[in-house]
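A.B. asks: This is the structure I want to talk about, given as structure tokens.
Residue numbers (this note's numbering): 6 to 167.
Quick look at the structure:
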């Protein structure tokens, strides 16, 4: 099945956000997105459709996992500058970013994919090669830890996507 180039291009901002959550340096994160796009185009024949987004995110997640193993380093969190629209209370935004930084990498990754990027549990499980139950438990733990780390019990609005 052929890949719609426009749909692929529309995914770039979301891919960059996710990549920057996995990689410290912005240039390295952008390189990883570029590698992901090149791999997607190179492996176009393997795309079985109809959902391009989960397939491309799976490629990026695999690249991130390979890079993480190669570098033996935890992904930093300066990527969350890209996740907010820039509006709202700066103090609350800083609190959320700091709380997210404190999450274990595997929980943070699942939380980002479900709550920020809007993937279903099944899609995240397929992308990360995990059982759906593991995705659900990591997401539950991430939400619980995030709530605990928010100052003064400030709630954070994370939509539930199943």
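Ideal placement from N, C-alpha and C gives every residue a C-beta, glycine not left out.
(1) Just to confirm, is the Cβ distance from residue 62 to residue 132 under 9 Å?
(2) Under 8 Å: does the beta carbon of residue 142 sit that close to some heavy atom of the ligand FAD?
(3) Using only alpha-carbon positions, find the residue among 58, 34 and 114 that is nearest to residue 169.
(4) Would you be able to state if there are at least three C-beta pairs under 8 Å between the region 97 to 104 and the region 119 to 132?
(5) Could you tell me how far apart the beta carbons of residue 13 and residue 40 are, in whole angstroms, since I believe they sit closer than 8 Å?
(6) Nearest-angstrom Cα distance between residue 65 and residue 45?
(7) Quick check on residue 130 - is its C-beta less than 9 Å from some C-beta in chain C?
(8) For a test of the three-state rule: what should DSSP assign to residue 36, helix, strand or coil?
(9) Between the Cα of residue 60 and those of 72, 154, 42 and 71, spot the shortest distance and give me the residue it belongs to.
(10) Please name the residue, chosen from 135, 27, 98 and 94, that lies closest to residue 114 on a Cα-to-Cα basis.
(11) Label residue 22 either buried or exposed according to how many other C-beta atoms from any shown protein chain fall within 10 Å of its C-beta, with 16 as the threshold for buried.
(12) With distances taken Cα to Cα, identify the nearest neighbour of residue 140 among 153, 111, 151 and 154.
(13) So, is residue 106 buried or exposed, given that buried needs 16 or more other C-beta atoms within 10 angstroms?
(14) Only counting the same chain, and skipping five residues up and downstream in sequence, which positions put a Cβ closer than 6 Å to that of residue 84?
(15) If I follow the unbroken alpha helix (DSSP H) through residue 107, where does it start and stop?
(16) In the DSSP assignment, the alpha helix (DSSP H) including residue 23 goes from what residue to what residue?
(17) Which same chain residues, not among the five before or five after residue 144, have their C-beta less than 7 Å away from its C-beta?
C.D. replies: So, from the data block:
(1) Yes, Cβ-Cβ distance for residue 62 and residue 132 is below 9 Å.
(2) The ligand FAD is not part of the structure shown, which contains no ligands of any sort.
(3) Residue 169 falls outside the range modelled here, since the chain spans only 6 to 167, and no answer is possible.
(4) no
(5) Contact flag wrong, Cβ pair sits at about 14 Å.
(6) 9 Å
(7) Of the chains in the structure shown, none is chain C; there is only one protein chain.
(8) Helix.
(9) 42
(10) 27
(11) The residue in question, residue 22, is buried, as its Cβ has 16 or more Cβ neighbours within 10 Å.
(12) 111
(13) Counting Cβ neighbours within 10 Å, residue 106 comes out exposed, since fewer than 16 surround it.
(14) Residue placement at residue 84 is poorly supported in this model, since its pLDDT is 49, which falls under 50; the coordinates still yield a value, given next. Only 25 and 26 meet the Cβ criterion.
(15) Taken as a continuous stretch (DSSP letters only), residue 107 belongs to no alpha helix (DSSP H), as it is neither H nor E.
(16) Residue 23 -> alpha helix (DSSP H) spans 17 to 27.
(17) 115, 116 and 119
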